[in-house]
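Numbered per the numbering used here, the sequence shown spans residues 10 to 484.
No residue lacks a Cβ here, since even glycine has one placed at the ideal position from N, Cα and C.
These numbers come from a predicted model, not from an experiment.
Taking it in order: structure first as structure tokens, then the write-up.
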Amino acid sequence: MSDPDRHTVEQTASSDQLLAFMQFLRGKKIPVSPADTLDAIEAAELLGYADRTLLKHGLAATLAKSSHELATFESAFDDYFQIAIKKAGDASASDDPSALPDLSDKLLTSGGTIPPQDVNDPLEGLRGNALFDALESQDESALSLAIETAAAEVKVEEISLFTQRGQYVRKMLDALGDEALRAAAIEFEQSEPAAFEAVQALREQLRERVRDRVERAYLIHASAQTEDLLDESLSKVKLGNIDHSQMARLKRLMDRMARKLAARHGRRRRRYRRGKLHVGETIRKSVATDGIPFQPRWRKIERKRPQIMAICDVSGSVAAYAKFLLMFIYALQDVLPRTRTFAFSAALGEVSDLFDTLPVEEAIEKVNLKYGGATDYGRALNDFSELALAEVNHATTLIVLGDARNNQADPRLDLLAEMKARAKQVIWLNPESTRLWGTGDSEMLRVKRHCHVVKECNSLNQLARIIDQLLSDRR
């Protein structure tokens, strides 16, 4: 092949890889419009594909529109265009993009067979299966790339109806090689219960990731649907999967829901001049008139507005959900004026003053910057006990939002039990699927014992129902 022909083939392959990278960025929640894609292709043609660093900076200039998107882009670029890891004794890896390995090919083609099992460890027979190894070792690069390749293979961008999610999830799982893990789970179900549970937990993690990818694809390609249909679907999608391009619509939808709840629950009952007689007060008032009740007193019926204390985990795994919970609560301040807000990852602090002085979105950004980090529920509950537990009483509702994943540390559930004893109710909202509670480092099954209400809460509809129930329970 002549040099010009070789250059044309390589350029075409690189362009195809670049288009696939655009899809990968959308999966990483960076909005990439058709115009952005054309700009990126033009930049790549001008810069060439030989210098990896130059290409990275050029694409970042066209695709990353904020500091947050820039950080996500750089991580995504390194994951997608990662350099092959050389075997021991090899020289340094090449920067030539054409030499980059397609890790997803390994995952997608190695899931059909399972080596013979080791008699001591049932899972040993699965090791060597690329999909199982990637899940067990939490290899984010390989898994992300494999999922994007599977999404392209099943043409997930053609999804048009919300009800098609399950169909595309099943297709992507088959493309990833889940059938081998499924067969192993069936084999272990009766003979090896512990191995069965381990394999099922990994399969559930994979299913969650694939479901998230399908939901994001639906959001990207649902613009042709009617406004009402898009609002309905947006209210059902996991809040953590909503990208910046949908934020304006979601904010409008949230404000509309908040207004409906405020209209439903914000009315005070009138104090009627007739009604149920307040016997005790009437007798006391009649003392001055020799016991003749010239001034009967009637019972006054009021709805008491509860004190709300919202305690939000703002670590990376649940920060998006905390953001929407706080936005919703503060949209209802005419109904819930007595709201105090606390944020934590490890250390916990009160951030109510930020919401009193700043717009909600700006306050949330400051909260995330100050308190984001690694999670430590034990330390956070201890800080809350020292800071505000003495003010918790039977008129207080505590709302805790978090996934209860504590990195194997002591969660100090004794403090949570004391909070339950003092408060009117403790409501724990967990954005994770209930199927994942208690897996890995999750303390959720133990947390449930020390709460009045525990709910899975990861969509706007679920959040609205929970707040509606909270307002309905006011006394």
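Any idea if residue i is buried or exposed, counting beta-carbon neighbours within 10 angstroms, 16 or more meaning buried?
i: Ala233; result: Reliability of the predicted coordinates at Ala233 is poor, the pLDDT of 44 falling under 50, and no value is obtained from them.
i: Ala184; result: buried
i: Glu78; result: buried
i: Arg455; result: exposed
i: Gln199; result: exposed
i: Asp385; result: buried
i: Gln304; result: exposed
i: His403; result: exposed
i: Leu286; result: exposed
i: Gly186; result: buried
i: Ile168; result: buried
i: Ala372; result: buried
i: Ile317; result: buried
i: Ala265; result: For the record, residue 265 in the displayed sequence is Arg; it is not Ala. Counting Cβ neighbours within 10 Å, Arg265 comes out exposed, since fewer than 16 surround it.
i: Met256; result: exposed
i: Asp299; result: exposed
i: Leu416; result: With the sequence shown as reference, residue 416 is identified as Asn, and Leu is not the correct amino acid for it. Its Cβ having fewer than 16 others within 10 Å, Asn416 is exposed.
i: Ala267; result: buried
So the candidates are the options; which of them puts its Cα closest to the Cα of residue i?
i: Ala426; options: Gly387, Thr443, Ser451 and Gly447; result: Gly387
i: Leu259; options: Asn415, Ser153, Phe333 and Ile317; result: Phe333
i: Ser244; options: Ile156, Phe171, Leu445 and Val401; result: Phe171
i: Leu64; options: Val401, Ala267, Ala52 and Phe30; result: Ala52
i: Thr406; options: Arg174, Leu480 and Asn467; result: Leu480
i: Leu144; options: Gln32, Arg179 and Leu215; result: Leu215
i: Leu228; options: Glu166, Phe197, Lys269 and Arg265; result: Glu166
i: His459; options: Thr448, Ser295, Ala193 and Val435; result: Val435
i: Val288; options: Arg308, Gly57, Leu140 and Ala297; result: Arg308
i: Ser354; options: Leu47, Thr348, Lys433 and Gly325; result: Gly325
i: His461; options: Lys433, Ile292 and Gln471; result: Lys433
i: Glu213; options: Gln478, Gln471 and Leu445; result: Leu445
i: Val163; options: Arg179, Ala151 and Glu149; result: Arg179
i: Gly57; options: Arg268, Ser42, Val246 and Leu27; result: Leu27
i: Gln173; options: Asp45, Ala226 and Ala70; result: Ala226
i: Ala383; options: Asp322, Asp240 and Ala49; result: Asp322
i: Gly447; options: Ala210, Ala69, Arg61 and Ala151; result: Ala210
i: Gln342; options: Phe351, Asp365 and Ala352; result: Asp365
i: Ser70; options: Phe82, Gln471 and Arg261; result: Rather than Ser, the amino acid found at residue 70 in this sequence is Ala. The candidate whose alpha carbon is nearest that of Ala70 is Phe82.
i: Asp45; options: Leu55, Glu54, Leu68 and Ala59; result: Leu68
Considering only their Cβ atoms, is the gap separating residue j from residue i smaller than 7 Å?
i: Leu357; j: Asp412; result: no
i: Val223; j: Tyr177; result: yes
i: Ile464; j: Ile475; result: First, the residue type needs correcting, since residue 464 is Lys and not Ile in the sequence shown. In contact: Lys464 and Ile475 (Cβ atoms closer than 7 Å).
i: Leu182; j: Val219; result: yes
i: Leu410; j: Ala473; result: no
i: Ile319; j: Ile408; result: This sequence places Ala at residue 319; Ile is not what is there. Contact flag set, yes.
i: Pro440; j: Val296; result: no
i: Ser153; j: Asp88; result: yes
i: Arg421; j: Asp450; result: no
i: Leu140; j: Ala85; result: no
Just to confirm my understanding: we take residue i, look at its own chain, exclude 5 residues before and 5 after, and list those with CB closer than 7 Å. What are they?
i: Met263; result: Met336, Phe337, Ala340 and Leu469
i: His253; result: Pro40
i: Ala428; result: Checking the displayed sequence, the identity of residue 428 turns out to be Met instead of Ala. Contacts found: Leu398, Val401, Leu407 and Val435.
Could you name the residues of the same chain whose beta carbon sits closer than 6 Å to that of residue i, not counting the 5 residues immediately before and after it, in chain order?
i: Ala397; result: none
i: Arg349; result: Met318 and Ser361
i: Leu438; result: Leu410, Lys464 and Cys466
i: Thr443; result: Glu465
i: Leu424; result: Leu390 and Ser394
i: Asp105; result: Here the model assigns Asp105 a pLDDT of 42, short of 50, so the residue's position is not dependable and the matter cannot be decided.
If I measure Cβ to Cβ from residue i and keep anything under 8 Å in the same chain, skipping five residues before and after, which residues do I get?
i: Asp419; result: Gly387
i: Gln32; result: Glu157, Ala160, Ala161 and Glu166
i: Asp142; result: Arg136 and Asp148
i: Thr367; result: Note that residue 367 corresponds to Leu in the displayed sequence, not to Thr. So the list reads Lys375, once near-sequence residues are dropped.
For the ligand SAH, any of its heavy atoms closer than 6 Å to the Cβ of residue i?
i: Tyr386; result: The model on display carries no ligand, and the ligand SAH is accordingly not part of it.
| query | Taking one C-beta from the region 128-147 and one from the region 202-213 each time, how about it: are there three or more such pairs within less than 8 Å? | reply | yes
| message | Counting beta carbon pairs with one atom in the region 66-80 and one in the region 134-152, are three or more of them shorter than 8 Å? | response | no
| Would you say the region 348-366 touches the region 376-385, given that touching needs at least three Cβ pairs under 8 Å? | yes
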